[in-house]
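Residue numbers (our numbering), protein chains in the order written: chain A, 1321 to 1710; chain B, 1321 to 1710. Just so you know, even glycine gets a beta-carbon here, dropped at the ideal spot from N, CA and C. Inspection log for the structure reproduced underneath, given as structure tokens.
2 protein chains.
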Amino acid sequence: MAEEWTPEPWVYDTIADALGIERDRVENLVRSRVIRIRSYRGIMYASLRRELAGYPEGTVILFGRGWSRVVHGYPPIQRAVLLRVAVPRHFIDKVVVEEKLNGYNVRVVLIDDRVLAITRGGLVCPYTTARLTRLLGEKIKEALREIGADDHYLAGEVIGLENPYTRYFYPEAPKFGYFVFDIFREGKPLPPRIRDEVTEKHGIPHVPVLGIVDKDDVDSIKAILEKLNREGREGIVMKDPEYRVPPLKYTTPATNIGDLRYGMRFFMEEGRSFLFSRILREIFRAYEEGLQGPKLDSLALELGTAILKPAIETVTLVAKGEMVAEEFELEFANADELNEFVDYMSSLGIDLVILSTWEENGFLKARIRKPKDTWVEVRKILETGLTPID
Amino acid sequence: MAEEWTPEPWVYDTIADALGIERDRVENLVRSRVIRIRSYRGIMYASLRRELAGYPEGTVILFGRGWSRVVHGYPPIQRAVLLRVAVPRHFIDKVVVEEKLNGYNVRVVLIDDRVLAITRGGLVCPYTTARLTRLLGEKIKEALREIGADDHYLAGEVIGLENPYTRYFYPEAPKFGYFVFDIFREGKPLPPRIRDEVTEKHGIPHVPVLGIVDKDDVDSIKAILEKLNREGREGIVMKDPEYRVPPLKYTTPATNIGDLRYGMRFFMEEGRSFLFSRILREIFRAYEEGLQGPKLDSLALELGTAILKPAIETVTLVAKGEMVAEEFELEFANADELNEFVDYMSSLGIDLVILSTWEENGFLKARIRKPKDTWVEVRKILETGLTPID
């Protein structure tokens, strides 16, 4: 089943009404693919690939004949690079310090009493939807029904190894976990305290709250970060207890360098902004911590190694004729669910290769390979000795 | 004197004729600023800011009522990253190995018997024109007249410390030198041998020819590069003796790392592509040379240090209230020439600050500061603790 089609006229009207813009504009935006119209198991939706009419990128309009529902894109969180400056200046009094988990951002909404999992980009991911429904479906339905499923939705991080996007091992959810970081009511997040009450009442995990500190007590925040760094965990999100100001995020050096080490394996696709943004974080961290002499040398060596080594390893592997790809295991209820997911990825231009499938505890497991442009690009460079990039 | 104005109708016709495209298209391209129309001391010209109608970016159409002359943009030179693969595969038999000098690319054309110096981007630089005219004006005129000034022009590197673009010390031209790397006839380069004959006959410097080697003799090329690297020089351009195939370039690790070290002082403007392209060169060099163990560690440390240290120094300077800017000395014939240059840079959106001027050997010397966005950006980050880049 192809997921995209030429919509009937009423579709444009519905989207235009939902966003409060002209119908002609919607038609143009669909044509220029700023608005993407797709469907998931009979539920139609439009997603915004950039900010539009006050709605952030990744906003989704779920709709049918005679109804529509807007789910706001998850707002980008500003990054602090100098905690001692940013925290006292940005916050009002107290700061809720929550753990930032390393996975992917998923909004969960109830439509027709069905759980839908929406990715950051604004697509309903069939894999995440199915797994999340099996894991927490009933609990999520109960919680959302209680607070009002028509105008509330959840936002949280999917973590663990069994997903097609960001695989990172967490002892608390080795395979697949979902941790709520916000409950939204019509695009506005509720205070963290309410999120904890609602989720705890219904047995839904939420992100760990690591402390509630005074905004001038940056030392306590640094102590939290040092512990996370030692454990190789990603970082923190800091929130006002009442959400009166937007949250800020900060990542540990372990993550900045670790990201580089992992990303540089696929250096031809990750390069540029990826590299620069992580280096920027370390520049300001080194400045704030006053790193000098051997400590700075050791960071420089670690950074240089994280950049060069995985990339050289990739070149060496490709030169030996080996393939460079991401490989991962996913769990499906059955072959239909697997096919639906493969079709979905293919509709996004990603052609997955199924390496093997087997049954396990009544589920269908699949080992899947996602090809990487780096492989093709490096092969070209190895053949010609020339680089396409100056 | 403003350098841009709304052109009369005949101007569009002249440019359209010269490029062989429709007049309407020229009008649109001028409006969208793909074609920039300017003048230098009464000579009008249009420059192409991207490839158009088969003419490369940086192509210039010099014109007046009833005449026009196209000077092709200098073609980009492909970069080799694996010499042992690229050289034997790309070349036919022999390879002329020339030194790649670290300065800026300038085409020199004779119009009305006046020397004009055109930058890579396709603008007549008043400073370069004036200095080059004083240094080599008569010799260039003689040479171009002899081979045909109407259809020939020179392309070469301006090097030395007294220029507003790329300052790098060379003992052979500490202040301002011009070294021809190509003579073009209607967009086609002449063989290096002819370039050497013509320039040597008229006392015009050309780039050093470091060897003519067999295409399979990559060891000799590597030996040349090692010597250049030890001397901290930039690299090589390799040419077919008859220009039957396009040239290739290769830079020394000293330059790749040195560029990073210098560029990271201004990391907010240089970041991204700058960083990535240089790292890419070192990845493939390390692979080709089989760097491992302590040698790879030492490169990693050097790379990490070149990235972090200058950037942290910049942050520290800005935090102390100091300014981060490029500063340089230029030489002018008189105050008019200085003002003309300042106006030119200002028309490009660069507001120079004259720190001081003085007389020296009958010339007007000026110490000039070019402000850097990094200064403004870093001040913002130091004030807010937040980064605009994720």
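According to the DSSP secondary-structure assignment, P1691 of chain B is paired through a beta bridge with B:A1645. Here D1502 of chain A has A1475, P1509, R1515 as same chain residues with Cβ atoms under 7 Å from its own Cβ, once five neighbours each way along the sequence are excluded. Assigned with DSSP and collapsed to three states, N1576 of chain A falls in helix. According to DSSP, G1682 of chain B shares a beta bridge with no other residue. Between F1683 of chain A and E1651 of chain A, the C-beta spacing is below 8 Å. The beta carbon of F1496 of chain B is closer than 6 Å to those of R1451, G1480, E1482 in its chain, skipping five residues each way along the sequence. Counting only the Cα atoms, D1433 of chain A lies some 51 Å from F1594 of chain B.
K1685 of chain A has its alpha-carbon roughly 6 Å from the corresponding atom of E1679 of chain A. DSSP, read as helix, strand or coil, puts A1450 of chain B in helix. Three or more pairs of CB atoms, one per stretch, sit closer than 8 Å, so the region 1332-1343 of chain B contacts the region 1382-1400 of chain B. According to DSSP, T1707 of chain A shares a beta bridge with B:R1399. For A1631 of chain A, DSSP records no beta bridge to any residue. Among the residues facing chain A, F1596 of chain B is included, as its CB has a counterpart in that chain under 8 Å away. In the DSSP annotation of this structure, the continuous segment of the alpha helix (DSSP H) that includes N1549 of chain B starts and ends at 1538-1550. The beta-carbon of I1412 of chain A is placed no less than 8 Å from the nearest beta-carbon of chain B.
Less than 8 Å divides the Cβ of V1698 of chain A from the Cβ of M1588 of chain A. Apart from the 5 residues on each side of it in sequence, V1638 of chain A sits with its Cβ closer than 7 Å to the Cβ of V1644, W1695, V1698, R1699, L1702 in its chain, given in chain order.
Rounded to the nearest angstrom, the gap between the Cα atoms of L1616 of chain B and E1554 of chain A is 28 Å. Counting every other CB atom within 10 Å of its CB across the protein chains shown gives A1338 of chain B a total of 16 or more, marking it as buried. Against chain A, the beta carbon of S1666 of chain B has no neighbour under 7 Å; the closest one sits roughly 29 Å away. What A1400 of chain A touches in chain B, judged by beta-carbon distance under 7 Å, is G1705, L1706, going in chain order.
About 16 Å separates the Cβ atoms of Y1360 of chain A and G1378 of chain A, ruling out a contact at the 8 Å cut-off.
Within the region 1618-1631 of chain B, those residues whose Cβ lies closer than 8 Å to any Cβ of chain A are, in chain order, L1619, A1620, L1621, E1622, L1623, G1624, T1625, I1627, L1628, K1629, A1631. Within the region 1573-1594 of chain B, those residues whose Cβ lies closer than 8 Å to any Cβ of chain A are, in chain order, F1587, G1591, R1592, S1593. In this model, L1706 of chain A and I1599 of chain B are separated by some 15 Å (Cα to Cα).
With respect to I1431 of chain A, I1541 of chain A sits apart: the two C-beta atoms are not nearer than 8 Å.
Per DSSP, reduced to three states, the secondary structure at R1345 of chain B is helical.
Three or more Cβ pairs drawn from the region 1403-1419 of chain A and the region 1554-1568 of chain A lie within less than 8 Å of each other, which places the two stretches in contact. Contact of Y1607 of chain B with chain A by beta-carbon distance below 8 Å involves I1632, V1635, T1636, A1639. Under the Cβ criterion of 8 Å, F1604 of chain B is counted among the residues facing chain A. Annotated three-state conformation of H1522 of chain A is helix, per DSSP. For E1342 of chain A and G1442 of chain B, the gap between their C-alpha atoms comes out near 43 Å. In the three-state reduction of the DSSP assignment, G1610 of chain B falls in the coil class, being assigned neither a helical nor a strand state. Judged by DSSP secondary structure, V1331 of chain B falls within the alpha helix (DSSP H) whose first and last residues are 1329-1339. Annotation: A1655 of chain A is outside any beta strand (DSSP E); the continuous alpha helix (DSSP H) that includes it extends over 1655-1667. Using a CB distance cut-off of 8 Å, I1544 of chain B does not count as an interface residue toward chain A.
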